[in-house]
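Participant: This structure is in structure tokens; I'll ask about it shortly.
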Amino acid sequence: MNIILIALDTLRADHLGCYGYSRNTSPFLDSLASKGVLFEKCYGSDIPTQPAYTTIYTSLYGVEHGIVSHGSRIQMLSDEVRILPEYLRDAGYTTIAVDNLTNMKPWFHKGYEHYTLPYGHIQLITADKITAYAIKWLKMLKEEKKPFFMFLHYWDPHTPYIPPQEYRNIFYQGDPYDQSKGESWRQFKKSPFYSIHSKWITNLLGDIQDLEYVSSLYDAEILYLDHHLEKLYNFIEENDMLDDILFIFTADHGESLTEHGIFFDHHGIYETNIHVPLIMYSVNLLPKGVRIKSFVEHVDIAPTILSIANVERPKNMRGRNLLDVIEGNEKEKEFIVSGECTYQAFRAIITRDGWKLIKKIGGDLYGRPKLQLFNIEKDPNEEKDIKEDNMDIVKELELQMEHWIEDNLGENPDPMRVQLKTGLPGHRWLRRSLESQGISWEEWLRKQEYI
6 MNIILIALDT LRADHLGCYG YSRNTSPFLD SLASKGVLFE KCYGSDIPTQ
56 PAYTTIYTSL YGVEHGIVSH GSRIQMLSDE VRILPEYLRD AGYTTIAVDN
106 LTNMKPWFHK GYEHYTLPYG HIQLITADKI TAYAIKWLKM LKEEKKPFFM
156 FLHYWDPHTP YIPPQEYRNI FYQGDPYDQS KGESWRQFKK SPFYSIHSKW
206 ITNLLGDIQD LEYVSSLYDA EILYLDHHLE KLYNFIEEND MLDDILFIFT
256 ADHGESLTEH GIFFDHHGIY ETNIHVPLIM YSVNLLPKGV RIKSFVEHVD
306 IAPTILSIAN VERPKNMRGR NLLDVIEGNE KEKEFIVSGE CTYQAFRAII
356 TRDGWKLIKK IGGDLYGRPK LQLFNIEKDP NEEKDIKEDN MDIVKELELQ
406 MEHWIEDNLG ENPDPMRVQL KTGLPGHRWL RRSLESQGIS WEEWLRKQEY
456 I
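Counting in the working numbering, the sequence shown runs from 6 upward without gaps.
Here is the structure:
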């Protein structure tokens, strides 16, 4: 069985039709999900990009592999830790990546016999280029007798949201330059991320007032991406390769589109950022039209791929075989834990019955409380903190999360707290952003509650 793992960077689950979104952003993925297996509750245990992909590749949690921050200068994956492509290569698979993560960290190209590095700024590589490279490889692989594993990393819909011109007004009706709609822009100007994102917004759109238009461009990017995924699929089908391929679609993290005061970024341990899509499709291997309601995580992807490839699973991998989950042979997880440590250091625990506790570990950018409690079954947008009326649940979940951290750390130090001592990497970028607004870093820190 050939395997194509497709990463859709920054794609939040709730902006796909198959996950309940009202806009028609993903007709192809929706169709494929209806014929394959969709996991309703897939979570990233470590966000954003570098921690997430390290977890996907290793099937280890961030507290185990040590990569919990994006852009950290002190966190490196041990040479002793092997990643998914290495196991597949050693088992006789041809391993190919169309990706540029290796520009960030060296371990992302381990195990690949062929690593196509698209030319251009990391986050500006567009879907048409990734699809073109993938098709080029597939034409060559068609003649090979060896099975192959291909990793495709699409950067759409990561910022900047710059879909082709013909997509830009599909999801927005009205006048984004209307001064009466300027309240959202005024709120944006108060954000420490204003200068980071306002530049590409104004360069692309001019003096807009309504940030809903910017959010609509995120959706337009998803539709553009969806069209190129369909183009890739059609090539495979037209060349009689479909019967022997398993597709896995997922994302490293989601995106905040003004929710919780976070503008066009993926920090914050809210559902917008940690709830990601996971869709599997195969003509012959999987059941049709199945929706899995139990928790799954990034750590489950590598063991599943190894199982499908008939490669023995390393004992240190923490994830489950999703084929067992699909068949109902795995007990449901009672809870999952997720963490972030780039712009701010937070962890969250989410239980099967919908309770979610968010804990601030080392400070934040928004003056959040030390603990927040939500019931995401009743309050999926996490708008009402209900900890004061449920302190018994808060204490229980906090203890449960601490035990999980201790059990997975063993005798190792917590990499999140180690990173906090040397400074969060996102603060380097934030410092530049604040200074461009005439605000000193020291002035900003005095207004926060950093520990």
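For each residue, glycine too, the CB sits at the ideal point set by N, CA and C.
Computed from a predicted model, the values in this text were never measured in an experiment.
Does the segment 256-271 come close enough to the segment 186-202 to have 3 or more Cβ pairs within less than 8 angstroms?
Facilitator: Counting Cβ pairs under 8 angstroms, three or more are found: they touch.
Participant: Taking the straight line between their C-alpha atoms, what separation do you get for residue 228 and residue 29?
Facilitator: One C-alpha to the other measures close to 8 angstroms.
Participant: Determine the burial state of residue 292: buried for a count of at least 16 other Cβ atoms within 10 Å of its Cβ, exposed for fewer.
Facilitator: Counting Cβ neighbours within 10 Å, residue 292 comes out exposed, since fewer than 16 surround it.
Participant: For residue 377, which of helix, strand or coil comes out of DSSP?
Facilitator: Strand.
Participant: For residue 283, report the span of its beta strand (DSSP E) as first-last.
Facilitator: Element bounds for residue 283: 283-287.
Participant: For the alpha helix (DSSP H) containing residue 313, list its first residue and its last residue.
Facilitator: Its alpha helix (DSSP H) spans residues 306-313.
Participant: If we ignore side chains and look at the alpha-carbon of each, how far apart do residue 82 and residue 365 end up?
Facilitator: Their Cα atoms are separated by approximately 25 angstroms.
Participant: Could you tell me the alpha carbon to alpha carbon distance between residue 107 and residue 16, rounded to whole angstroms?
Facilitator: So the two alpha carbons sit approximately 21 angstroms from each other.
Participant: One question on the structure: do residue 68 and residue 157 come within less than 7 angstroms of each other, judged by their Cβ atoms?
Facilitator: Not closer than 7 angstroms, so no.
Participant: Cβ atoms of residue 285 and residue 64: under 7 angstroms apart, would you say?
Facilitator: No.
Participant: Need the endpoints of the alpha helix (DSSP H) that residue 240 sits in, please.
Facilitator: That run of the alpha helix (DSSP H) goes 216-243.
Participant: Specify, as a first and last residue, the run of the beta strand (DSSP E) that residue 13 falls within.
Facilitator: 7-13 is the span of the beta strand (DSSP E), which, as asked, contains residue 13.
Participant: DSSP on residue 177, reduced to helix/strand/coil?
Facilitator: The answer is coil: DSSP assigns residue 177 none of H, G, I, E or B.
Participant: Contact defined as beta carbons within less than 8 angstroms: I believe residue 359 pairs with residue 352. What is the distance between those atoms, to the nearest angstrom?
Facilitator: With 8 angstroms as the limit, residue 359 and residue 352 do not qualify as a contact, their Cβ atoms being about 18 angstroms apart.
Participant: So what does DSSP say about residue 354, is it helix, strand or coil?
Facilitator: It is a strand residue.
Participant: Using 8 angstroms for Cβ pairs, my map puts residue 98 next to residue 152. What's the rounded Cβ distance?
Facilitator: The Cβ separation is near 5 angstroms, so the contact holds.
Participant: What's the C-alpha gap between residue 464 and residue 443?
Facilitator: Given a span of 6 to 456 for the chain in the structure shown, any question on residue 464 remains unanswerable.
Participant: Spatial neighbours of residue 146 within its chain, please: C-beta separation below 6 angstroms, excluding the five flanking residues on both sides.
Facilitator: Cβ neighbours of residue 146 beyond the five flanking positions: 153.
Participant: What would DSSP say about residue 172, mapped onto helix, strand or coil?
Facilitator: Reduced to three states, the DSSP call for residue 172 is helix.
Participant: Who are the Cβ neighbours of residue 395 in its own chain at under 7 angstroms, not counting the five residues just before and after it?
Facilitator: Excluding positions up to five away in sequence, the list reads 378.
Participant: Looking at C-alpha atoms only, which residue of 335, 39, 50, 446 is the closest neighbour of residue 256?
Facilitator: Minimum Cα distance to residue 256 is reached at 50.
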